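Asker: I have a structure here, written as structure tokens, and I will follow up with some questions on it.
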Amino acid sequence: MDSNDIKVLLIEDNAGDARLIEEILAKAEGHPYSVTWAQSLTAGVVQLRVETFDVILVDLFLTDSKGLDTLRSISTESPFAPLIVLTGLDDKAVAVQALQEGAQDYLLKSQLEHSTLPRAIGYAIERQRTYDTLKSLSLIDPLTGLYNRRGFVTISAQQQTFAMRTGKRIFLSFMDINQLKWINDSLGQRQGDLAITDTAAVLQKTFRSSDIIGRMGGDEFAVLCIETEPSTDEIIKARLKKNIADYTMAHPRGFRLSLSMGIVFCDPAAGFDIEALLSEAEALMNKSKGTAHVLEKSDKGIQVLMIEDNPGDARLVREMLSESRSAGFALQWAQSLAEGRLFLASRSIDVVLLDLDLPDSWGSKTITEVMKCAPTKPIVVLTGSTSEETGLEAIKYGAQDYLVKGSFTTVTLERIINFAIERKNIGEELRKAREREVAISSRIQQTLLLGSPPSDLPGIEFAAFTVPSQYVDGDFYDFIRYGDSFVDIIQGDVMGKGIPAALLGAAAKSYFLRAHSSLIYARGCAGLPSPDAIIDQVNRYIVDDLMKLESFITLCYARLDAAARTLQFVDCGHTKTVHYCAAEGRCRLLDGVNMPLGFSREDVYKTTTVPFAQGDLFFFYSDGLTEARSPDGDFYGEERIMDIIVRNASLPVDEINRMIFYAAAAFVGSQNFSDDLTCVLVAIRDRNAEPHGETATLITTSALDELAGIRAFVAEFCTRWASPPLAGEPAAALQLAVNEAVTNIMKHAYGGRADGRIDIEACDYAAHIDISLRHRGKDFKRSDVASPHFDGTAEGGFGIFIIEQSVDDVRYSSDGKGNHEIVLKKYKTRQEGEGPWNCTVKL
Amino acid sequence: MELYSEALGDVMVARIKGDHLDASTVEDFKAAANPVIEKSMKIVLDMGSLNFVDSSGIGAIISCLRKLNAKGGDLKLCGLSKPVRSLFELVRMHRIFDIFETSDEAVAAFARQ
Chain W
0 MDSNDIKVLL IEDNAGDARL IEEILAKAEG HPYSVTWAQS LTAGVVQLRV ETFDVILVDL
60 FLTDSKGLDT LRSISTESPF APLIVLTGLD DKAVAVQALQ EGAQDYLLKS QLEHSTLPRA
120 IGYAIERQRT YDTLKSLSLI DPLTGLYNRR GFVTISAQQQ TFAMRTGKRI FLSFMDINQL
180 KWINDSLGQR QGDLAITDTA AVLQKTFRSS DIIGRMGGDE FAVLCIETEP STDEIIKARL
240 KKNIADYTMA HPRGFRLSLS MGIVFCDPAA GFDIEALLSE AEALMNKSKG TAHVLEKSDK
300 GIQVLMIEDN PGDARLVREM LSESRSAGFA LQWAQSLAEG RLFLASRSID VVLLDLDLPD
360 SWGSKTITEV MKCAPTKPIV VLTGSTSEET GLEAIKYGAQ DYLVKGSFTT VTLERIINFA
420 IERKNIGEEL RKAREREVAI SSRIQQTLLL GSPPSDLPGI EFAAFTVPSQ YVDGDFYDFI
480 RYGDSFVDII QGDVMGKGIP AALLGAAAKS YFLRAHSSLI YARGCAGLPS PDAIIDQVNR
540 YIVDDLMKLE SFITLCYARL DAAARTLQFV DCGHTKTVHY CAAEGRCRLL DGVNMPLGFS
600 REDVYKTTTV PFAQGDLFFF YSDGLTEARS PDGDFYGEER IMDIIVRNAS LPVDEINRMI
660 FYAAAAFVGS QNFSDDLTCV LVAIRDRNAE PHGETATLIT TSALDELAGI RAFVAEFCTR
720 WASPPLAGEP AAALQLAVNE AVTNIMKHAY GGRADGRIDI EACDYAAHID ISLRHRGKDF
780 KRSDVASPHF DGTAEGGFGI FIIEQSVDDV RYSSDGKGNH EIVLKKYKTR QEGEGPWNCT
840 VKL
Chain A
0 MELYSEALGD VMVARIKGDH LDASTVEDFK AAANPVIEKS MKIVLDMGSL NFVDSSGIGA
60 IISCLRKLNA KGGDLKLCGL SKPVRSLFEL VRMHRIFDIF ETSDEAVAAF ARQ
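Protein chains in written order, with numbering that gives the first Met the number 0: chain W, 0 to 842; chain A, 0 to 112.
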């Protein structure tokens, strides 16, 4: 396959249609196409994960997915490849929807011809490219996908040339969204964004795809059209208005979308200045606003919205409020929930008086509905029932207060309204303050509390991460390195939450460094201060503050001595460190004897020393991990952690850490933990010192006849030499991978010559077998080999795919002197969730 | 690598003799298979003797299928040992080929068409 081929993914369940399309593309002139056929959405999605395509042809109606859902699944999987929809139905509505959902084109199967299909593919790719380029030039507004101001002006200039050539009139519409500021302020940014994207959708529906639509900034939009049939601004405005109404009907929101518009027409032959046209249209728009139904905020008193369907009750409240002698109230009256929503969306309201039983909503649900469209507005419930329960339930649902109809006076009404507004304001302030605190403390944690583990310490690997809880609670870790032989690991947890805990953690961290420098100075050349001396010093620094704040710190301070092969640690009331002992293949918990920092001035800290060996692991963690609870209330505990470590001790450290985290998340049933969760993993892994068992070498030529013998060598090594042996499917998989890799060396590196030399070395480790293939042929990279086709259209290209699926790791290396090596690694233990061939753990 | 073929009505049953179909035997296989493909429209390939097939082998079998399909014929497979079947599944070729346990079942499937 040539890299200039246009790679087409065809998702089509009808074999006849698929063949027809393949034939059309095979015969097409110009670019060659390589078509991959997937018979279902699932198969298509699998393809999209293994390779990238230039274009996707998709039938919307498949055995496993129907309609626009098909389209959405594909665009989620592959947001960048242009999509062409194929369909048997001549259904305009579906076509238009498909295009709105992001498809580039739409083709009827009955009209597929030798000329149309390649052209459609070419255009789709071209359009997508143009769009991508524009985006990269930042001519596109990211929120709406429309042009931004720069894009609009750039593209409009091209349109002018076109209009001049055809002698057609141009018209430019300028619009803005009424009350966008109000929507943003009262309903939140998210609703504001919705108003903007809704507007974009309405404009795309109202104008043709050849028209230029831009978001000029904020709430302003502009459209440049070439007039194809005589038009007036009334026609355009009417069409826009109808489309807004249709769209709003189909997508109900908490606000009412309305646009103001100004339109100017111009003859491009008579000169054309896009900026001048824009300001002219904008001025026209502003003029039209004067006559449009624009709502300005009333300054007089408190704006009360009463949602009440009983006119008698409503009149009573109105009269009471008008009697009020204080600030003064302005009352709006809505007779249904729907009408109430309209008021909330279009007017500035300070408080809602709400009858729960309305023609279109009843009971406590009514409160929820109102809160949905106006979460920041205080609600006072009007109830006919004298029972306390109704009122209390209303408050439980979020109302600020309640009034029993017929039993309140002007004074009570006034007071309850004022209090409701005040309480809601205070509540809002508190909520915002809490959010700010969480944001600040999590920033403190990320910047001050978490050190980065050394990445280049010979023979020792580190992995560390923290997942902050909703209320950061002061987990911290740090690493202090002394040359290549010592590294101190500190992992601690400050009792408490939020900013105070985060700051205490940061302070503690800095005290460790201070203790270090002062002790090193005091000791002169006598070497490193011991962990207990450091902790003792830090406790002296911090104990008074901690006692004053009624807080304490639990931590483990561990020193890894690479030369002596010991871990010396002081465990101050912290979780018990897990020590995985590779020789025994099991874990134990390291018990500490010390109290947390901040308990007493007089504490004497003791260091415990444990030896370690090649392959051992140490796992430090916060109690957020072991005390994570399942929905049934069980603790995650240490046993589960040790179990995961034992079964995966030879995996990369990041991988083990990730497995522990995901297993805990699965246990809790969520990735949101109630406490910070910290995992620090240290592995003693001197690659050169990894003890291995038998090794065997086979030296062969690059003649294809050798393949059977090479397979026999691998099989023999796996079953007879390796301990524990590798048998069954994993052994067959390793044989297959070696066979494919050697075939590649014979065919590609030695170009089919039979006299090249290949050295095959097998090496047995406790957890895996490595097979190294060395040759002096041409170097070839993984990317030199094409991706496979799984549809029966290609006879080759499977080799690399087979290798990667059959072993756990493949490494290519060269020494620059013409020696090349491929190392295949196959693990012996089967991991959980693994398929028959594939050893990657999916989390 | 040899191929023993036997006509059962209009179906040709071709039995592979040899225990592996890899890069070293694939040319022999193609040479043996081509005359059978030229003569017949309906072929059952009995792979019962093979305990190893690699990507070159799969490629050759795909090539047989394509040649037969091109002239309106068809190919069915039978007798795949466990590792061979696993390889077909790994590269998803079990979806492209009709695969049967025995040659009788494969022949019967032709008769039903």
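Note that the Cβ used here is the ideal one computed from N, Cα and C, for glycine as well.
Because the structure is a prediction, the values reported are computed rather than measured.
Going by beta-carbon coordinates alone, are Q567(W) and T606(W) separated by less than 8 Å?
Answerer: On the first sequence, residue 567(W) is found 568 positions in, with the first residue counted as 1. On the first sequence, residue 606(W) is found 607 positions in, with the first residue counted as 1. The answer is yes: Cβ separation under 8 Å.
Asker: If P452(W) sits next to F478(W), beta carbons under 8 Å apart, how far is it from one beta carbon to the other, in whole angstroms?
Answerer: Mapped onto the first sequence, residue 452(W) falls at position 453. Mapped onto the first sequence, residue 478(W) falls at position 479. So it is a contact: roughly 5 Å between Cβ atoms.
Asker: Going straight from the alpha carbon of R71(W) to that of T86(W), what length do you get?
Answerer: The sequence position of residue 71(W) within the first sequence is 72, counting from 1. The sequence position of residue 86(W) within the first sequence is 87, counting from 1. Spanning the two alpha carbons is a distance of roughly 16 Å.
Asker: Check the Cβ of G72(A) against every Cβ in chain W and list those closer than 7 Å, keeping chain order.
Answerer: Walking along the second sequence from the start, residue 72(A) turns up at place 73. The contacting residues do not exist; G72(A) stays about 15 Å from chain W at best.
Asker: Nearest-angstrom Cα distance between L47(W) and S77(W)?
Answerer: As a working note, residue 47(W) is residue 48 in the first sequence. As a working note, residue 77(W) is residue 78 in the first sequence. For L47(W) and S77(W), the distance between alpha carbons rounds to 7 Å.
Asker: Should V90(A) be flagged as near chain W, meaning a C-beta pair shorter than 8 Å?
Answerer: What you label residue 90(A) is simply residue 91 of the second sequence in a count that begins at 1. It does; some Cβ of chain W falls within 8 Å.
Asker: Is it true that the CB of D218(W) sits closer than 8 Å to the CB of D175(W)?
Answerer: Taking the first residue of the first sequence as 1, we reach residue 175(W) at position 176. Taking the first residue of the first sequence as 1, we reach residue 218(W) at position 219. Yes, the Cβ-Cβ distance between D175(W) and D218(W) is below 8 Å.
Asker: Leaving aside the five residues before and after Q159(W) along the sequence, list all residues of the same chain whose C-beta is less than 8 Å from its C-beta, in chain order.
Answerer: Here residue 159(W) is taken as the residue at index 160 of the first sequence, counted from 1. So the list reads I169, P267, F271, I273, once near-sequence residues are dropped.
Asker: Classify S55(A) as buried or exposed, calling it buried when 16 or more other Cβ atoms lie within 10 Å of its own Cβ.
Answerer: Counted from its first residue, the second sequence places residue 55(A) at position 56. Classification of S55(A): buried, given that the 10 Å Cβ count is 16 or more.
Asker: Is there a Cβ from chain A that is less than 8 Å from the Cβ of L40(W)?
Answerer: Locating residue 40(W) in the first sequence gives position 41, counting from the first residue. No, its Cβ sits nowhere closer than 8 Å to a Cβ of chain A.
Asker: Less than 6 Å between C-beta atoms, sequence neighbours within five positions excluded: which residues of the same chain meet that for F109(A)?
Answerer: Locating residue 109(A) in the second sequence gives position 110, counting from the first residue. Hits under 6 Å: V10, K41.
Asker: Could you check whether the Cβ of D704(W) sits closer than 8 Å to any Cβ belonging to chain A?
Answerer: The residue given as residue 704(W) occupies position 705 in the first sequence. Taking Cβ atoms only, chain A reaches closer than 8 Å to D704(W), which makes this a yes.
Asker: At the 8 Å Cβ level, is S19(A) part of the contact set with chain W, yes or no?
Answerer: Locating residue 19(A) in the second sequence gives position 20, counting from the first residue. In the sequence as presented, Ser is not what sits at residue 19(A); that position holds His. It does: the Cβ of H19(A) has a partner Cβ on chain W nearer than 8 Å.
Asker: For the region 21 to 33 of chain A, which residues have a beta carbon sitting closer than 8 Å to at least one beta carbon of chain W?
Answerer: For the region 21 to 33 of chain A, which is checked against every Cβ of chain W, the residues closer than 8 Å are D21, A22, S23.
Asker: Hey, quick one: how far does the alpha helix (DSSP H) through W181(W) stretch, first residue to last?
Answerer: Here the question's residue 181(W) lines up with position 182 in the first sequence. Residues 179 to 186.
Asker: Do T677(W) and T446(W) come within 8 Å of each other at the CB atom, strictly closer than that value?
Answerer: Residue numbering aside, residue 446(W) sits at position 447 when the first sequence is read from its first letter. Residue numbering aside, residue 677(W) sits at position 678 when the first sequence is read from its first letter. Not in contact: T446(W) and T677(W) (Cβ atoms no closer than 8 Å).
Asker: For Y520(W), is the classification buried or exposed, using 16 other Cβ atoms within 10 angstroms of its Cβ as the cut-off for buried?
Answerer: Mapped onto the first sequence, residue 520(W) falls at position 521. Flag for Y520(W) reads exposed.
Asker: Identify the contact partners of L86(A) in chain W, using a Cβ-Cβ distance below 8 Å as the criterion.
Answerer: Sequence index remark: in the second sequence, residue 86(A) carries index 87 (1-based). Under the 8 Å cutoff, chain W gives L735, I801.
Asker: Is it the case that the Cβ atoms of A337(W) and I366(W) are separated by a distance below 8 Å?
Answerer: Residue mapping note: residue 337(W) aligns to position 338 of the first sequence, counting from 1. Residue mapping note: residue 366(W) aligns to position 367 of the first sequence, counting from 1. Going by C-beta atoms, A337(W) is not nearer than 8 Å to I366(W).
Asker: Give a yes or no on whether 8 Å exceeds the smallest Cβ distance from G58(A) to chain W.
Answerer: For the purposes of this step, residue 58(A) is taken as the residue at position 59 of the second sequence. So, interface residue.
Asker: Compare the beta carbon distance of Y146(W) and I212(W) with 8 Å and say whether it is the shorter of the two.
Answerer: Sequence index remark: in the first sequence, residue 146(W) carries index 147 (1-based). Sequence index remark: in the first sequence, residue 212(W) carries index 213 (1-based). In contact: Y146(W) and I212(W) (Cβ atoms closer than 8 Å).
Asker: Alpha carbon to alpha carbon, how far is R769(W) from I683(W)?
Answerer: Here residue 769(W) refers to the residue found at position 770 of the first sequence. Here residue 683(W) refers to the residue found at position 684 of the first sequence. One detail in the question is off: residue 769(W) reads as Asp in this sequence, not Arg. Rounded to whole angstroms, D769(W) to I683(W) spans 20 Å at the Cα level.
Asker: Give a yes or no on whether 8 Å exceeds the smallest Cβ distance from E728(W) to chain A.
Answerer: Locating residue 728(W) in the first sequence gives position 729, counting from the first residue. Yes, E728(W) lies at the interface with chain A (some Cβ there is under 8 Å from its Cβ).
Asker: Buried or exposed for G591(W), going by 16 or more other Cβ atoms inside 10 Å?
Answerer: Within the first sequence, numbered from 1, the residue matching residue 591(W) stands at position 592. The residue is buried, with at least 16 neighbouring Cβ atoms inside 10 Å.
Asker: Taking buried to mean at least 16 other C-beta atoms within 10 Å of its own C-beta, is A275(W) buried or exposed?
Answerer: Counting from 1 along the first sequence, the entry for residue 275(W) is found at position 276. Exposed, because fewer than 16 other Cβ atoms sit within 10 Å of the Cβ of A275(W).
Asker: With DSSP collapsed to three states, give me the class of Q334(W).
Answerer: Taking the first residue of the first sequence as position 1, residue 334(W) is located at position 335. Q334(W) falls in the coil class under three-state DSSP.
Asker: Three or more C-beta pairs under 8 Å: does that hold for the region 743 to 751 of chain W against the region 623 to 640 of chain W?
Answerer: They do not touch, by the three-pair rule.
Asker: Taking DSSP as the reference, what is the three-state secondary structure of I348(W)?
Answerer: Counted from its first residue, the first sequence places residue 348(W) at position 349. If DSSP states are grouped into helix, strand and coil, I348(W) belongs with coil.
Asker: Could you check whether the Cβ of I36(A) sits closer than 8 Å to any Cβ belonging to chain W?
Answerer: Against the second sequence, residue 36(A) aligns to sequence position 37. No, I36(A) lies away from the interface with chain W (no Cβ there is under 8 Å from its Cβ).
Asker: Are the beta-carbon atoms of L341(W) and V379(W) separated by less than 8 Å?
Answerer: Within the first sequence, numbered from 1, the residue matching residue 341(W) stands at position 342. Within the first sequence, numbered from 1, the residue matching residue 379(W) stands at position 380. Result no, Cβ atoms of L341(W) and V379(W) do not sit closer than 8 Å.
Asker: Within its chain, find whatever has a CB closer than 6 Å to the CB of E11(W); leave out the 5 residues flanking it on each side and keep chain order.
Answerer: The count along the first sequence starts at 1 and reaches residue 11(W) at position 12. Taken in chain order, the residues that qualify are A17, D58.
Asker: Pick helix, strand or coil for V486(W), following the three-state DSSP scheme.
Answerer: Position 487 of the first sequence holds residue 486(W). Residue state, collapsed to three classes: strand.
Asker: Under three-state DSSP, which class holds A438(W)?
Answerer: On the first sequence, position 439 is the one that residue 438(W) refers to. Of the three classes helix, strand and coil, the one that applies to A438(W) here is helix, per DSSP.
Asker: For I95(A), which of helix, strand or coil comes out of DSSP?
Answerer: For this step, residue 95(A) is matched to residue 96 along the second sequence. I95(A): coil per DSSP, three-state reduction.
Asker: Which value, in whole angstroms, describes the spacing of the CA atoms of R719(W) and F634(W)?
Answerer: Here residue 719(W) is taken as the residue at index 720 of the first sequence, counted from 1. Here residue 634(W) is taken as the residue at index 635 of the first sequence, counted from 1. Approximately 45 Å between the Cα atoms of the pair.
Asker: Cβ of L589(W) within 8 Å of Cβ of K575(W)?
Answerer: As a first step, residue 589(W) must be located in the first sequence, where it is residue number 590. As a first step, residue 575(W) must be located in the first sequence, where it is residue number 576. Yes, the pair counts as a contact, with Cβ atoms nearer than the cut-off.
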